[in-house]
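Numbering-wise (the numbering used here), the sequence shown opens with residue 503 and increments by one. Yeah, the Cβ is synthetic: ideal placement off N, Cα and C, and Gly gets one too. Worksheet: one structure, shown below.
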Amino acid sequence: MHKIMTKCHLILLMTVAVTAASCGGHRGPSLSEYGSQNSEYRAMMFEKYALQLLSESPERALARQDSTMRSVSQDSAAFFQMVELQDHFFKDPNSPYRCEDFCLPVLFAIVESPFTPDSARFAAKADIAHFSLNRIGTTATDFSFTLKGGRTRTLHSVKAERTLLFFSNPGCTLCRQITEELSSIPGMEKMVEEGYLSIVNIYPDDDVEAWYGYLAEYPPYWISGYAPEVDGPQGPYFLRAIPTLYLLDRDKRVLLKDAPLERILAELNIFAE
Numbered sequence: 503m504h505k506i507m508t509k510c511h512l513i514l515l516m517t518v519a520v521t522a523a524s525c526g527g528h529r530g531p532s533l534s535e536y537g538s539q540n541s542e543y544r545a546m547m548f549e550k551y552a553l554q555l556l557s558e559s560p561e562r563a564l565a566r567q568d569s570t571m572r573s574v575s576q577d578s579a580a581f582f583q584m585v586e587l588q589d590h591f592f593k594d595p596n597s598p599y600r601c602e603d604f605c606l607p608v609l610f611a612i613v614e615s616p617f618t619p620d621s622a623r624f625a626a627k628a629d630i631a632h633f634s635l636n637r638i639g640t641t642a643t644d645f646s647f648t649l650k651g652g653r654t655r656t657l658h659s660v661k662a663e664r665t666l667l668f669f670s671n672p673g674c675t676l677c678r679q680i681t682e683e684l685s686s687i688p689g690m691e692k693m694v695e696e697g698y699l700s701i702v703n704i705y706p707d708d709d710v711e712a713w714y715g716y717l718a719e720y721p722p723y724w725i726s727g728y729a730p731e732v733d734g735p736q737g738p739y740f741l742r743a744i745p746t747l748y749l750l751d752r753d754k755r756v757l758l759k760d761a762p763l764e765r766i767l768a769e770l771n772i773f774a775e
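Dropping the structure here:
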């Protein structure tokens, strides 16, 4: 069901470069320097922009994204080049910079742009509906899941200062790697035992027999269950890939959404200190 998966106009690069410079980053290229640069350099400049967004508050980052998209809105080539870069860094499920919240200003710009074909506008509207679920800063939608033996629980019934919500599949190679990395962290089990952290590991598909066959691979101090209806067109979560990780606070507000494990661990380290 799930799977992991140009010469640019001046206005595009200068938007990114000036943004980075205004934040105390790279000063950006001069006009003569720009003319000698290739597409790899432009991607590097956008990477600086992506890192800056990830270091800012969600509100400031979204405002910066809105400003960036407005800056390229009057030039079709620059607009589509910016969309391509945004998709690569923030929308690709394999990207370490992925962030669905950062995609929303881009998707709204695609819907509103006169340059957008009808098919792309339709797809952007669908993505807006999906990406708007469980946004950072909102309360994660509650759902029921079934534990070994048939007992059910809900996400909101889990009591901990932080909850790591881990959507995984039996046999998923990356899921196994994440499981091993989490299990190897010194003090992780103690954090769980003392209520600082809960790890809620959810299988979102319906091959329950396969899940039972793999259950022994999960650490016993995790809360592992299955919830076939959590994903899908009508489900409360939209999982673009497996694995997917969320980090929630004690009130189940979303701190990180579909974030790479390294960002999750960085946030937990700050919290643990």
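Task: Whether D753 touches R664 by CB criterion (8 Å) - done: no
- [ ] Taking 8 Å as the threshold, find out whether the region 728–743 comes into contact with the region 640–655 through three or more Cβ pairs.
- [x] yes
- [ ] Provide the residue(s) that pair with S726 in DSSP beta bridges, ordered along the chain.
- [x] N703
TODO: In angstroms with no decimal places, state the Cα-to-Cα distance between A563 and I701.
DONE: 28 Å
Open item on the list: Which runs of the alpha helix (DSSP H) at least 4 residues long sit entirely within the region 600–659? Give them in chain order.
Closed with: 602–614, 620–633
TODO: Can you grab the Cα-Cα spacing for the pair P762 / R544, in whole Å?
DONE: 24 Å
Task: Backbone CA spacing between F581 and C674 [nearest angstrom] - done: 37 Å
TODO: Could you have a look at Y551 and say whether DSSP puts it in helix, strand or coil?
DONE: helix
Open item on the list: Using a Cβ-Cβ cutoff of less than 7 Å, which residues in the same chain neighbour R765 once the five nearest sequence positions on both sides are dropped?
Closed with: L758
TODO: Run the CB neighbour count on G727, radius 10 Å, all protein chains shown included, and call it buried at 16 or more, exposed below.
DONE: buried
Task: Integer-rounded CB distance, given that R637 should sit under 8 Å from D594 - done: So it is not a contact: roughly 19 Å between Cβ atoms.
Open item on the list: Once DSSP output is grouped into helix, strand and coil, what is the label at C525?
Closed with: The pLDDT assigned to C525 is 42, lower than 50, so where the model puts this residue is not dependable; a value taken from the coordinates is nonetheless given after this. Coil.
Task: Within 8 Å, strictly: CB atoms of Y723 and E683 - done: Contact: no.
Task: Cut-off 8 Å between Cβ atoms - residues of its own chain near F740, not counting five sequence neighbours on either side - done: H632, F633, L635, D733
- [ ] Rank H658, N671, E542, S685 by C-alpha distance to the C-alpha of V755 and give the top, closest one.
- [x] Looking at the sequence shown, residue 755 is not Val but Arg. Measuring from the Cα of R755, the nearest candidate turns out to be H658.
Task: Residue of S615, Q583, Y714, E769 minimising C-alpha distance to F548 - done: Q583
Task: Terminal residues of the alpha helix (DSSP H) in which K661 lies - done: Taken as a continuous stretch (DSSP letters only), K661 belongs to no alpha helix (DSSP H), as it is neither H nor E.
Task: Helix, strand or coil at L741 according to DSSP, with G and I counted as helix - done: L741: coil per DSSP, three-state reduction.
Task: R755 (DSSP reduced to helix, strand or coil) - done: Here R755 sits in strand by DSSP.
Task: Through-space distance from N703 to E586, alpha-carbon basis - done: Each residue's Cα considered, the two are about 33 Å apart.
TODO: Out of V710, G639, D708, point me to the one whose CA is closest to S559's CA.
DONE: Minimum Cα distance to S559 is reached at G639.
- [ ] Evaluate A662 with the Cβ neighbour count: other Cβ atoms within 10 Å of its Cβ, from every protein chain shown; 16 or more gives buried, anything less gives exposed.
- [x] Counting Cβ neighbours within 10 Å, A662 comes out buried, since at least 16 surround it.
- [ ] Using the Cα positions of V574 and S557, report the straight-line distance between them to the nearest angstrom.
- [x] Roughly 23 Å between the two C-alpha positions.
- [ ] Give the secondary structure of Y748 by DSSP, where H, G and I count as helix, E and B as strand, and everything else as coil.
- [x] strand
- [ ] Whole angstroms is fine: what's the gap from D568's alpha carbon to P688's?
- [x] 41 Å
TODO: Assign L514 to one of two classes, buried (16 or more other C-beta atoms within 10 Å of its C-beta) or exposed (fewer than that).
DONE: Note on L514: pLDDT 44, under 50, position unreliable in the model; no value is reported.
Open item on the list: In the DSSP assignment, the alpha helix (DSSP H) including V732 goes from what residue to what residue?
Closed with: Note, V732: premise wrong, no alpha helix (DSSP H); not H, not E.
- [ ] Would you mind working out which of D707, I680, P706, P721 sits nearest V694, comparing C-alpha positions?
- [x] P721
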